[in-house]
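Note sheet for the following structure.
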Amino acid sequence: MYPSVSVIVPVWSTEKHLCRCMNSLLAQTLQELEIIAIDDGSPDSCPQILDEYAKNNPAKVQVFHIANGGLANARNYGVAKAHGKYLGFVDSDDWAGPNMFAELYNRAEASNADVCVCGYYTVRERDGKMRTRHCGSLPEGSARNAPAILLNATSYVWNKLIRRDFLTQILPLSPVGFYFEDIPVSYCALFAAARVSAVPEPLYHYLRRTDSISSCLTVRHIEVFDALAAVNAFCRGFGTSPELEHALLALNRKHLWLRCIDTLRPCDRKIKREILARGFTHMDTQFPGWRKNHTMVVPHNARFFLPLLNQQWLWRLLAR
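Going by the numbering used here, the sequence shown opens with residue -2, and the numbers climb by one from there.
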């Protein structure tokens, strides 16, 4: 008998957090749960720790040891090994609340959803400070009929439950070899789904590490625009509409501004210039005339500054 949910856990040198992650999955109230841990060439004792979990929990835990190929490669490997009706993803630094997969599974089944989303906590590594991220503003239905769903959801895969046959038959696999591998999977899943549903409460704990991708600006942050271009192409493949173009413009502009804000941090000026140049070129290519489009919903006190925020010269000046 196949499990209801397969949870895929890529593991890479996070020994101090791994036990907390695995224990949180073994403590899930959903009994029909399959845990697939992928040792992505960890150089510490994680492989041995995982083997012990598999030995002590043979009915629930499967462990696979593969050569280091990165997060996306490990996730794709886990998807190929999964048997559950739905797929969940947990990073080995993070942990799940005890009811997370029961709540998501029950909600997905009740609403016949291809994708079910939950809220989450961000936990700052250096001091344990937590912030709550609800997803109560996420409308239910299909993003093809209501593209605003794309704007109200996050790009993370770990706060989503995705029907396995939907993911493997319709969606692109996680792109291997570059940063921001969550973006194509998450946004394409939300758009292609016949129905999206949500559990607003936070059920996942995301550890915000001091050395995470989002904390350390490098030239590889440019790759976010490759990920966004893939999302744009996928969504437009279903047919274009003014509503979709507006949603994609707002989504791409949001990620551009996030990268622009990143350039305000101390960093090599050459990297800042490269990120800004690539970002604005991406917008000019994907959305001709976007700088004059001021229809994006923004806080009232920011509308006056919107035309300025669309200008590369301003960000280059601020990032000096």
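For every residue, glycine included, the Cβ atom is placed at its ideal position computed from N, Cα and C. Nothing here was measured: the structure is a model prediction, and the numbers come from that model.
Using the Cβ count rule (16 or more neighbours within 10 Å means buried), how would you classify residue i?
i	result
W310	exposed
T215	exposed
L314	exposed
A71	buried
S1	buried
G276	buried
P296	For P296, the pLDDT reaches just 44, beneath the cut-off of 50, and the residue's location in the model is therefore unreliable, although a value from the coordinates is still provided. The residue is exposed, with fewer than 16 neighbouring Cβ atoms inside 10 Å.
H80	exposed
Q166	exposed
K269	buried
Y201	buried
R317	exposed
Y176	buried
In terms of residues, what are the limits of the alpha helix (DSSP H) holding residue i?
i	result
K82	That residue, K82, is in no alpha helix (DSSP H); it is neither H nor E in DSSP.
S108	97 to 108
P239	239 to 259
R313	309 to 315
I146	146 to 149
Under a three-way DSSP split, which group does residue i fall into?
i	result
G276	helix
V112	strand
L27	coil
W92	strand
S3	strand
R262	coil
G236	coil
G138	strand
R121	strand
V228	helix
V87	coil
If you follow the beta strand (DSSP E) that residue i is part of, which residue opens it and which one closes it?
i	result
R130	127 to 130
Under 8 Å: do the segment 37 to 44 and the segment 131 to 149 share three or more Cβ pairs, one atom per stretch? By the Cβ criterion, the segment 37 to 44 is not in contact with the segment 131 to 149, since fewer than three pairs of Cβ atoms, one from each stretch, lie closer than 8 Å.
Using 8 Å as the cut-off, can you tell me whether the segment 257 to 268 makes contact with the segment 231 to 249, which would need three or more C-beta pairs spanning the two stretches below that distance? no
Could you pull out every unbroken beta strand (DSSP E) segment of at least 3 residues lying fully inside the segment 32 to 73, listed in chain order? 58 to 63
At least 3 beta-carbon pairs within less than 8 Å: the segment -2 to 10 vs the segment 74 to 94: yes
So within the segment 155 to 208, which uninterrupted beta strand (DSSP E) runs reach at least 3 residues, ignoring any that extend past its ends? For the segment 155 to 208, whole beta strand (DSSP E) runs of length 3 or above, ordered along the chain, are 157 to 160, 193 to 205.
Inspect the CB distances between the segment 181 to 190 and the segment 148 to 166 and report whether three or more fall short of 8 Å. yes
The segment 23 to 35 in contact with the segment 95 to 108 per 3-pair CB rule at 8 Å: The count of Cβ pairs closer than 8 Å, one atom from the segment 23 to 35 and one from the segment 95 to 108, reaches three, so the stretches are in contact.
Is the number of C-beta pairs between the segment 119 to 127 and the segment 224 to 236 that are closer than 8 Å three or more? no
Between the segment 135 to 146 and the segment 188 to 207, do at least 3 Cβ pairs fall closer than 8 Å? yes
I want to know whether the segment 156 to 169 touches the segment 109 to 116 - three or more CB-CB distances under 8 Å. yes
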